[in-house]
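I have placed the structure first, in the form of structure tokens, so that the comments after it can refer back to it.
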Amino acid sequence: MIFKPYNQYFVILSEMEIGKDILEKIGKPSMAVPEGYFDSLKTRLESIPTREASRRPDWAKVRPYLALAASFTAILVIGNSVLRHTASKNQINLADSFESSYVEMISLTNPSTIYNVFESEVEEISDEDIINYLIESGATAEQLAYAGNNLR
Amino acid sequence: MTDKEILDLYKSGRREAAFREIVESYSERLYWHVRRFLCSHEDTDDLLQEIFIKVWNALPGFRGESQLYTWIYRVATNESLNFLQKMKIRSALQFESISAKMEERIDEDVHLDGDKLQRDLMKAVQRLPAKQRTVFIMRWFDDMSYEDISEILGTSVGALKASYHFASEKIKAELEKNLK
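Top to bottom, those sequences are chains A and B. Straight run, no breaks: the first sequence in the numbering used here ends on number 153. Straight run, no breaks: the second sequence in the numbering used here ends on number 183.
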């Protein structure tokens, strides 16, 4: 039977007057859950072991891979230290060579010095080379005479 | 299945089957236990997942020094109290009172079928100090024995009886005040 609040208060008050506990009279609040909730809850909870297994690595399975990774790391560390040792010797040899010492002397603030470095590497072209080129390329006698007059 | 049978199943190596039995035996009971602390169906649902994950991960370390029942309830109670503590801190940072927030939850809880008096009772419970509230929920709502509560909370039976007495007196006084 459902009482309206006013009637319920009246009933509780009158029962209290005859020595009944208010907590007993009010009773435990009834709570509800959505329909079928506990079935779906159980299904979700029962899947926890599977979910946790996929989230956490199985150390027994992972151990061989970890050992392999550790071996590779060791090889890399040893190899790196050996290479560093030999590389330092090579650097000394390179420093002795003309090119590397010259390049190290280039001023980064003056670009013209960079071009000057390469100027010396361009081979000089002689007048004879120009004449030969003109003959090979089929130049006329007038053209050859003109070139000869203008060349050194 | 009894707790002993569940533990035997677990020790035999059928760990997932044992866990399924734990879910079968405890999920609904723990739901109501946690719900009375949190006053929210949604938060209870979320926290139950966390509780059962903790149970699953902690099961290998369970040595059987206490009953499975009290051990699981201890995990659930601690998690509920931690949740409320975090909520209290969040409320304080937003300059809100945790009691006001809990009362708001009770008023807005569409899954709470109780009438106004029962909502007043729930609000009065939420206004209790944490220890008294915990004892009252476990004793009055969950019908647990003082001995079991003592094992779960690690408090003496005498102290629990005193806490329960003070808690119920406060609630009765508040409800009677509301009736007049």
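Glycine included, C-beta positions come from ideal geometry on N, C-alpha and C.
Own chain partners of Y76/B with C-beta closer than 6 Å, once the 5 adjacent residues on each side are dropped: I155
Residue environment, S101/A, which counts as buried when at least 16 other CB atoms sit within 10 Å: Low confidence applies to S101/A: its pLDDT is 49, below 50, so where it sits in the model is not reliable, and the reading given next is rough at best. Exposed.
Chain-ordered neighbours of E107/B on chain A, where CB pairs are closer than 8 Å: In chain order: nothing, as chain A lies at least about 16 Å away.
Residues of the segment 51-67 of chain B whose Cβ lies closer than 8 Å to any Cβ of chain A, in chain order: Near chain A, meaning a CB-to-CB distance below 8 Å, the residues of the segment 51-67 of chain B are L51, Q52, F55, I56, W59, N60.
E19/B and I9/B closer than 7 Å at C-beta: It is not a contact, given that the beta carbons lie outside the stated cut-off.
T47/B vs V37/B beta-carbon contact at 7 Å: yes
Test: S185/B CB closer than 7 Å to a CB of chain A: Nothing can be reported for residue 185/B: it is not among the residues displayed for chain B, which extend from 4 to 183.
Residue-level contact to chain B via CB, I27/A, 7 Å cutoff: yes
Proximity test, Cβ basis, 7 Å: I76/A and chain B: no
CA-to-CA distance, L84/B to S159/B, given in whole angstroms: 19 Å
Chain B residues whose Cβ lies nearer than 8 Å to that of L84/A: At a beta-carbon threshold of 8 Å, none of the residues of chain B lie near L84/A; the nearest stands roughly 46 Å away.
For L50/B, the nearest candidate out of A79/B, S94/B, V113/B (CA to CA): The option with the nearest alpha carbon to L50/B is A79/B.
Cβ pair V26/B, L46/A closer than 7 Å: yes
Straight-line gap, R85/A to A68/A (C-alpha atoms, nearest Å): 26 Å
L115/B, DSSP secondary structure in three states: Look at L115/B here: in three-state DSSP terms it is strand.
CB contact flag (N60/B, D123/B, <7 Å): no
I54/B to D118/B span [Cα, whole Å]: 30 Å
Extent of the continuous alpha helix (DSSP H) run through Q70/B: Per DSSP, Q70/B is not a residue of any alpha helix (DSSP H), being assigned neither H nor E.
C-beta atoms of S30/B and L77/A nearer than 7 Å: no
Within chain B, partners of V63/A - CB distance below 9 Å: Neighbours of V63/A on chain B: none; closest Cβ ~18 Å, over 9 Å.
Rounded straight-line distance, which links the Cα of R142/B to that of A103/B: 24 Å
Residues near K126/B by beta carbon distance below 6 Å, same chain, minus five either side: Same-chain partners within the cutoff: E106, I109.
Segment contact, 8 Å Cβ cut-off, at least three pairs: the segment 128-137 of chain B with the segment 168-182 of chain B: yes
Which residues DSSP lists as bridging M32/A, in chain order: For M32/A, which the question treats as bridged, DSSP gives the partners L115/B.
Reference M147/B, options T5/B, L33/B, D11/B, closest by Cα: L33/B
Inter-residue CB distance, I23/A and E179/B (contact presumed, cutoff 8 Å): 6 Å
Where S1/A sits in the DSSP three-state scheme: Residue 1/A cannot be examined here, being either before or after the span of chain A that is shown, 2 to 153.
Beta-carbon proximity list for I174/B, same chain, < 8 Å, skipping 5 on both sides: L124, A127, V128, L131, F139
Beta-carbon gap between D151/B and T73/B smaller than 7 Å: Yes; because the gap between Cβ atoms is below 7 Å, this pair is in contact.
Chain-order list of residues whose beta-carbon lies under 6 Å from that of K50/A (same chain, five-residue window excluded): Here residue 50/A is Pro; the residue named in the question, Lys, does not match the sequence. Closer than 6 Å at the Cβ level, and outside the excluded window around P50/A, lies no residue.
Whole-angstrom distance between K14/B and M4/B, CA atom to CA atom: 15 Å
D145/B and A33/A closer than 7 Å at C-beta: no
Unbroken stretches of the alpha helix (DSSP H), 4 residues or longer, contained in the segment 12-79 of chain B: 18-41, 44-61
Residue of T137/B, A165/B, L87/B, G161/B minimising C-alpha distance to S43/B: If you compare the alpha carbons of T137/B, A165/B, L87/B, G161/B with that of S43/B, the shortest gap goes to L87/B.
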